[in-house]
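Be aware that the sequence shown starts at 1, since it is given in UniProt numbering, and climbs by one per residue. Glycine included, C-beta positions come from ideal geometry on N, C-alpha and C. Notes follow the structure.
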Amino acid sequence: MCADPYFIVKEVEILEFDKENFKIRAVGRGEEFDLDKHPQGTEVKAITYSNMQVHDNDNRHDVYVIIDI
1 MCADPYFIVK EVEILEFDKE NFKIRAVGRG EEFDLDKHPQ GTEVKAITYS
51 NMQVHDNDNR HDVYVIIDI
């Protein structure tokens, strides 16, 4: 997802979902980053794809990933 570095995503609308190639095209909606409202921790280094899980449910897809910090 590419966005302004000061943009905090609150909602994601999935437009395309390619489970076979692990690709998602989506639109993110949110707000501008505010240090008083959005506390910082540590940075994300990478997503661990080897343990990725994709679950298909009736009208939604759940994707689980491990985030390396």
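For Lys19, which residues from the same chain have a beta carbon less than 8 Å from its beta carbon, with the 5 sequence-adjacent residues on both sides left out?
-> By one-based count along the sequence shown, residue 19 stands at place 19. Result list for Lys19: Val54, Asp56 and His61, in chain order.
Span separating the alpha-carbon of Asn59 from that of Arg29 = Here residue 59 corresponds to residue number 59 of the sequence shown, with the count starting at 1. Here residue 29 corresponds to residue number 29 of the sequence shown, with the count starting at 1. So the alpha carbons of these two residues sit roughly 20 Å apart.
With distances taken from CA atoms, which of Val9, Val65 and Ile69 is nearest Phe33?
-> Stepping through the sequence shown from its first residue, residue 33 is reached at position 33. Cα-wise, what sits closest to Phe33 is Val9.
Could you have a look at Gln53 and say whether DSSP puts it in helix, strand or coil?
-> Taking the sequence shown and counting its residues from 1, the one referred to as residue 53 is at position 53. In this structure, Gln53 counts as strand in the three-state DSSP scheme.
Between which two residues does the beta strand (DSSP E) carrying Phe17 extend?
-> Numbered from its first residue, the sequence shown carries residue 17 at position 17. Taken as a continuous stretch (DSSP letters only), the beta strand (DSSP E) holding Phe17 covers Phe7 to Asp18.
Are the Cβ atoms of Lys69 and Lys45 separated by less than 8 Å?
-> For the purposes of this step, residue 69 is identified with residue 69 of the sequence shown, where counting begins at 1. For the purposes of this step, residue 45 is identified with residue 45 of the sequence shown, where counting begins at 1. First, the amino acid is wrong: residue 69 is Ile here, not Lys. Cβ distance < 8 Å, so Ile69 and Lys45 count as in contact.
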